[in-house]
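Q: Convert by adding 16 to the 1-based position in the sequence shown; the result is the number in the numbering used here.
Glycine is no exception: its CB is placed at the ideal position from the N, C-alpha and C atoms.
These numbers come from a predicted model, not from an experiment.
Have a look at this one.
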Amino acid sequence: MTTFDYAKPRATADRLLTRFGQAAVLRRPGEGSGDPWNETAGTPGDHPVTVTVFDYTAQDRQGTAIQEFDKRVLMSAQGLEIMPSDSSDTLLIGEQEHAIISVKTLAPAGEAVMFELQVR
């Protein structure tokens with residue numbers, strides 16, 4: 017049985033996100049530094065990403081935890097050195113910083129093609 021080569025679909029997804037998307041920044045808070053009893057926050061790590069942003073429909077929100085002003089974001093995995101996390105990362109789109117509520121990874125055969133984020 018032959019295995020499917022995901023390089024072409026990934027390239028297509030990257031090309032479409034680049035063409036129709038916009039620049040954003042995936043922001044990861046810095047690691048704490050200093051003594052354990054006097055810890056200070058480090059500087060955030062900013063990672064440039066390409067995203068497309070969509071509004072959720074009323075049907076998408078019905079019976080779910082999706083709130084009225086939440087956004088659905090598709091993020092390219094191209095060149096991204098970290099995996100987005102919903103525990104502490106934020107997404108800076110334009111001048112507005114959004115909390116990441118959930119992350120779904122599209123990763124057939126274990127290779128991340130893109131990410132779907134719910135941001136607030």
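Is Asp30 helix, strand or coil when you go by DSSP?
A: helix
Q: What is the DSSP secondary structure of Gly46, reduced to helix, strand or coil?
A: Gly46 falls in the strand class under three-state DSSP.
Q: Quick check: the Cα distance between Gly48 and Arg31, rounded to an integer number of angstroms?
A: The predicted position of Gly48 is uncertain, since its pLDDT is 49 and thus under 50; a value taken from the coordinates is nonetheless stated next. Those two C-alpha atoms are separated by around 37 Å.
Q: Thinking Ser92 and Thr121 are a contact (beta carbons under 8 Å), I'd like their distance in whole angstroms, please.
A: Not confirmed; about 12 Å, so no contact.
Q: Suppose you measure from the CA of Phe131 to the CA of Leu42; what does that come to, to the nearest Å?
A: Taking the straight line from one Cα to the other gives about 12 Å.
Q: Is it buried or exposed for Gln78, if we count other Cβ within 10 angstroms and need 16 for buried?
A: Gln78 should be labelled exposed.
Q: Could you round the C-beta distance between Ile116 and Leu133 to whole angstroms and report it? I think they count as a contact, below 8 Å.
A: Yes, they are in contact, since the Cβ atoms of Ile116 and Leu133 sit about 6 Å apart, within 8 Å.
Q: For Trp35, count neighbouring Cβ atoms within 10 angstroms of its own Cβ and tell me buried if that reaches 16, exposed if not.
A: As written in the sequence, residue 35 is Arg, which differs from the Trp given in the question. Looking at its Cβ environment, which holds fewer than 16 other Cβ atoms inside 10 Å, Arg35 is exposed.
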